[in-house]
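Chemist:
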Amino acid sequence: MNVLDLVVLLVLVLAVVRGLMRGMVDTLFSLAAWLLAFLLGKWGALLAEPLLPAGLESPAPRYFAGFALVFLVVLIAVLLAGHAVAALVRAVGLGAADKVLGGLIGVVKGLVILTGFSVAAGLTALPRTDLWKQAMLSGSLQAMARATLPLLPPNVAKHVRFE
Numbered sequence: 036m037n038v039l040d041l042v043v044l045l046v047l048v049l050a051v052v053r054g055l056m057r058g059m060v061d062t063l064f065s066l067a068a069w070l071l072a073f074l075l076g077k078w079g080a081l082l083a084e085p086l087l088p089a090g091l092e093s094p095a096p097r098y099f100a101g102f103a104l105v106f107l108v109v110l111i112a113v114l115l116a117g118h119a120v121a122a123l124v125r126a127v128g129l130g131a132a133d134k135v136l137g138g139l140i141g142v143v144k145g146l147v148i149l150t151g152f153s154v155a156a157g158l159t160a161l162p163r164t165d166l167w168k169q170a171m172l173s174g175s176l177q178a179m180a181r182a183t184l185p186l187l188p189p190n191v192a193k194h195v196r197f198e
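Everything in the sequence shown is counted per the numbering used here, starting at 36 for the first residue and increasing by one.
Rendered as structure tokens:
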């Protein structure tokens, strides 16, 4: 077990603890917010281009800026809706069940975070380092990242490498 494995475990533990503290409703809305923000950001990046400053002429920065704009708007809107629903759940007395189920959902959120990290790592030289190669969990990280490649734009996905 090396530093990478410890970081992976720490991310999972923190996600579970945070899920327990926040509850299922907040955690689910948080997870949904990140996923929807990513998917709608990918879809809406080109639609947001007319809103961007004219100084961004290159296609890659324009796409990224459009993606970031849509991503942030969707993320904030869904998180605000989640806080409202969580307040209603607590008001009707389902707080304890909400907390326990939040821990389970925290595991899923941790895996999503680690998948994003793995995809980003695949864009760098990290998977070719001894740190990555000697990590017990690097194979699982790579498998999660490879499973999400079809969700990425093809011009980004083709650069994700683990060899």
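Beta carbons are placed, not taken as given, at the ideal position from N, Cα and C, and that holds for glycine.
Considering only C-alpha positions, which residue in the set Val147, Gly54, Leu110, Gln177 is nearest to Ala131?
Modeler: Position 96 of the sequence shown, counting from 1, holds the residue named residue 131. It is Gly54 whose Cα lies nearest to the Cα of Ala131.
Chemist: Measure the C-alpha to C-alpha separation of Ser173 and Leu63 and round it to an integer number of angstroms.
Modeler: Along the sequence shown, one-based indexing puts residue 173 at 138. Along the sequence shown, one-based indexing puts residue 63 at 28. Near 27 Å, if we compare the C-alpha coordinates of Leu63 and Ser173.
Chemist: Buried or exposed: which applies to Ile140, given that a residue is buried once 16 or more other Cβ atoms fall within 10 Å of its Cβ?
Modeler: Against the sequence shown, residue 140 aligns to sequence position 105. With 16 or more other Cβ atoms within 10 Å, it is buried.
Chemist: Taking contact to mean at least 3 C-beta pairs separated by less than 8 Å, is the stretch 166-186 in contact with the stretch 83-96?
Modeler: No: fewer than three Cβ pairs fall under 8 Å.
Chemist: When you compare only the Cα positions, how much space is there between Leu149 and Ala155?
Modeler: Position 114 of the sequence shown, counted from the first residue, corresponds to residue 149. Position 120 of the sequence shown, counted from the first residue, corresponds to residue 155. For Leu149 and Ala155, the distance between alpha carbons rounds to 10 Å.
Chemist: What distance in whole Å lies between the Cβ atoms of Ala89 and Gly101, which are believed to be in contact at a cut-off of 8 Å?
Modeler: Counting from 1 along the sequence shown, the entry for residue 101 is found at position 66. Counting from 1 along the sequence shown, the entry for residue 89 is found at position 54. Going by Cβ atoms, the distance from Gly101 to Ala89 rounds to 14 Å, so no, they are not a contact pair.
Chemist: What residue range does the alpha helix (DSSP H) around Leu82 cover?
Modeler: Along the sequence shown, one-based indexing puts residue 82 at 47. Where Leu82 is concerned, the enclosing alpha helix (DSSP H) stretches over 59-83.
Chemist: Helix or strand or just coil, what does DSSP make of Thr164?
Modeler: Locating residue 164 in the sequence shown gives position 129, where the first residue counts as 1. Coil.
Chemist: Can you grab the Cα-Cα spacing for the pair Gly128 / Gly137, in whole Å?
Modeler: Looking up residue 128 in the sequence shown gives position 93. Looking up residue 137 in the sequence shown gives position 102. Computed Cα separation, rounded: 15 Å.
Chemist: In whole angstroms, what is the alpha-carbon distance linking Asn190 and Leu44?
Modeler: As a working mapping, residue 190 is identified with position 155 in the sequence shown. As a working mapping, residue 44 is identified with position 9 in the sequence shown. C-alpha separation (whole angstroms): 31 Å.
Chemist: Please classify Lys193 as buried or exposed, where buried requires at least 16 other C-beta atoms within 10 Å of its C-beta.
Modeler: Here residue 193 refers to the residue found at position 158 when the sequence shown is read from its first residue. Per the 10 Å Cβ criterion, exposed.
Chemist: Return the first residue and the last residue of the alpha helix (DSSP H) that Thr183 is part of.
Modeler: For the purposes of this step, residue 183 is taken as the residue at position 148 of the sequence shown. Thr183 -> alpha helix (DSSP H) spans 173-183.
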